[in-house]
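> Residue numbers (this note's numbering), protein chains in the order written: chain A, 1 to 300; chain B, 1001 to 1184. No residue lacks a Cβ here, since even glycine has one placed at the ideal position from N, Cα and C. Source: prediction; values computed, not measured. Quick one: structure below, then a few questions.
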């Protein structure tokens, strides 16, 4: 698959995921609306807030993320080797040159962000440049560039917003139960039906943020595998990324500037320490187990 | 009667839509190939532009192996004259070979090796070589996709009837792949 057919397949998948999410959210809204007795005004308010949230995060997420991570932009003369690797791989992948940032931290990690290839940013820690050799670094950068090429960043940004929306709705709903009591009493007609909706609503308010997060994490793990594969397509050398992942996996130092909101962006889980065992624990990971990624890379 | 007309119309529509999509796929493929080729060209041009500087900086040091320098200039001239992908790939290969022997020869001149200017140029040229390789990979993957459409049935026959032809890969012929001889 070349970049073009990959992008096409990706857009379809994004479309399907967003569609499912919209159905999920509409169902939640319907139940909450009925349960609180606010009906559609509830939906309207939530949509306006989420719309603003979505727009803002779409345009400013990269700046916020870079600010949170204390990253700083570099010129070619600062780190010529890193810069050249990015340049070369961009030529190979047929995408415009992204901005290059670095984080002053000895933990080896890297991430990519930006809403499309024209506004992309690629960011590496100083640790990853010290600890990996050129071929390994090339594998890592190719993986990050594949995230950009596959529009993964946009996909994840949208998914994160939708997950946030679900959490926001659940929060709204629970609060409205506190403050909206008097209003419900004024509508005596459908009391029993409303009771059922109320019950379902409370259960959903508890479960839906978890479900939404699980969907987000599942999408995130799938994209990691895809980025590994298309990164290798770019460097034509699976062993480079495999041994880079091995080194990153063995390194026990956590990245200080990473937090829950940005963890899914990095090439490997920035928190470390946690050894993934059961499938249940894996459900809550942003990244597939590093051993599995290495195994797949080595079998290519 | 009515049903058969509807079936006939829908079959014709599907066929037309299929032909249309094949035409568009090939036309876009051609644009992508052109774009990818200009990506190679940019790097080749950078390389061609650097050669005079290199020759200038080396001239003063190298006393005996003048023919190595001549080879580099010759390869540069032929690269500038080349037009088709195949020709360009060939002369680019020649240039790479000539540069390799030049850098090998330069090992004999400690002064040259110590020259800052020469080291800069050497680094720059090896970077361009890597970039040409990546640009070539991108170009060839586009050509491969496009040629595959033309090789398949029925998309190939449809494409050919519209006058689409297979594109050349960017690669040197077998003869040029022979290892470069270095004379000391």
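1) In chain order, which continuous runs of the alpha helix (DSSP H) of length 4 or greater are located wholly inside the region 11-98 of chain A?
2) Could you pull out every unbroken alpha helix (DSSP H) segment of at least 4 residues lying fully inside the region 126-194 of chain A, listed in chain order?
3) For the candidate residues 144(A), 108(A) and 147(A), whose alpha-carbon lies nearest to that of residue 129(A)?
4) Below 8 Å, can you find three or more Cβ-Cβ pairs linking the region 1015-1025 of chain B to the region 1060-1070 of chain B?
5) I need the straight-line Cα distance from residue 1012(B) to residue 1006(B), nearest angstrom please.
6) Would you call the CB atoms of residue 1057(B) and residue 1115(B) closer than 8 Å?
7) Using DSSP with H/G/I as helix, E/B as strand and the rest coil, what is residue 103(A)?
8) Can you round the beta-carbon distance between residue 121(A) and residue 113(A) to whole angstroms, since I take them to be within the 8 Å contact cut?
9) Go through its chain and collect everything with a Cβ distance to residue 219(A)'s Cβ below 8 Å, but skip five positions before and after it.
10) Considering only DSSP beta bridges, list what residue 237(A) is partnered with.
11) Can you name the residues of chain B whose CB is closer than 7 Å to the CB of residue 297(A)?
12) Please confirm whether any heavy atom of the ligand SAM lies closer than 7 Å to the CB of residue 107(A).
13) Assuming residue 286(A) contacts residue 263(A) under a Cβ cut-off of 8 Å, what Cβ separation, rounded to an integer in Å, is found between them?
14) Under 7 Å Cβ-Cβ, which residues of chain A neighbour residue 1137(B)?
15) Have a look at the DSSP bridge pairing and note the partners of residue 122(A).
16) Counting only Cβ pairs nearer than 8 Å, list the residues of chain A close to residue 1148(B).
17) With a threshold of 7 Å on Cβ separation, who are the neighbours of residue 256(A) within its own chain once the five nearest residues in sequence on each side are excluded?
18) For residue 137(A) and residue 61(A), what's the separation of their Cα atoms in angstroms?
19) Does the beta-carbon distance from residue 85(A) to residue 153(A) come in below 8 Å?
20) Taking residue 1127(B) as part of the alpha helix (DSSP H), name the residues at either end of that continuous run.
21) Between which two residues does the alpha helix (DSSP H) carrying residue 1094(B) extend?
22) Kindly list the residues whose CB is nearer than 6 Å to the CB of residue 168(A), restricted to its own chain and excluding five residues on each side of it in sequence; keep chain order.
23) Could you pull the start and end residues of the alpha helix (DSSP H) that residue 1018(B) belongs to?
24) List, in chain order, every chain A residue whose beta-carbon is nearer than 7 Å to that of residue 1036(B).
25) What do you get for residue 78(A), buried or exposed, if any count of 16 or more other CB atoms within 10 angstroms of its CB means buried?
26) When you check each C-beta in the region 1106-1132 of chain B against every C-beta of chain A, which residues fall closer than 7 Å?
27) In the structure shown, what three-state DSSP assignment does residue 1166(B) receive?
28) With residue 123(A) and residue 71(A) assumed to form a contact (beta carbons below 8 Å), what rounded beta-carbon distance in angstroms separates them?
29) Can you give the Cα-Cα distance for residue 1134(B) and residue 212(A), rounded to whole angstroms?
30) Quick one: Cα of residue 200(A) to Cα of residue 1147(B), how far?
According to the data block:
1) As far as the region 11-98 of chain A is concerned, its whole alpha helix (DSSP H) runs of at least 4 residues are 40-68 and 80-93.
2) Counting only runs of 4 or more, we get 126-131, 134-149, 152-179 and 181-185.
3) Among 144(A), 108(A) and 147(A), the Cα nearest to that of residue 129(A) belongs to 108(A).
4) The region 1015-1025 of chain B, when compared against the region 1060-1070 of chain B, does not touch it at the 8 Å Cβ threshold.
5) In this structure, the straight-line span from the alpha carbon of residue 1012(B) to that of residue 1006(B) is close to 10 Å.
6) Yes, these two residues count as a Cβ contact at 8 Å.
7) Residue 103(A): strand per DSSP, three-state reduction.
8) Right, the Cβ-Cβ distance comes to about 5 Å (below 8 Å), so this counts as a contact.
9) The answer, listed in chain order, is 17, 155, 156 and 159.
10) In the DSSP secondary-structure assignment, residue 237(A) is not bridged to any residue.
11) In chain order: nothing, as chain B lies at least about 19 Å away.
12) Among the components modelled here there is no ligand, and therefore nothing to report on the ligand SAM.
13) With a Cβ gap of about 5 Å, residue 286(A) and residue 263(A) count as contacting.
14) Correct list: 92.
15) DSSP lists 100(A) and 112(A) as partners of residue 122(A).
16) Residues of chain A passing the Cβ test: none, with the nearest at roughly 10 Å.
17) Taken in chain order, the residues that qualify are 105.
18) Distance between the alpha carbons of residue 137(A) and residue 61(A) is about 26 Å.
19) It is not a contact, given that the beta carbons lie outside the stated cut-off.
20) Residue 1127(B) -> alpha helix (DSSP H) spans 1116-1151.
21) Looking at the DSSP string, the run of the alpha helix (DSSP H) that includes residue 1094(B) is 1085-1106.
22) So the list is empty, once near-sequence residues are dropped.
23) Taken as a continuous stretch (DSSP letters only), the alpha helix (DSSP H) holding residue 1018(B) covers 1002-1059.
24) Going along chain A in sequence order, the residues near residue 1036(B) (Cβ under 7 Å) are 94.
25) Within a 10 Å sphere around the beta-carbon of residue 78(A) sit fewer than 16 other beta-carbons, which makes this residue exposed.
26) Listed in sequence order: 1127, 1130 and 1131.
27) In the structure shown, residue 1166(B) sits in coil (DSSP, three-state: anything other than H, G, I, E or B).
28) Contact flag correct, Cβ pair sits at about 5 Å.
29) In a straight line, the C-alpha of residue 1134(B) is about 40 Å away from that of residue 212(A).
30) Between the alpha carbons of residue 200(A) and residue 1147(B) lies a gap of roughly 57 Å.
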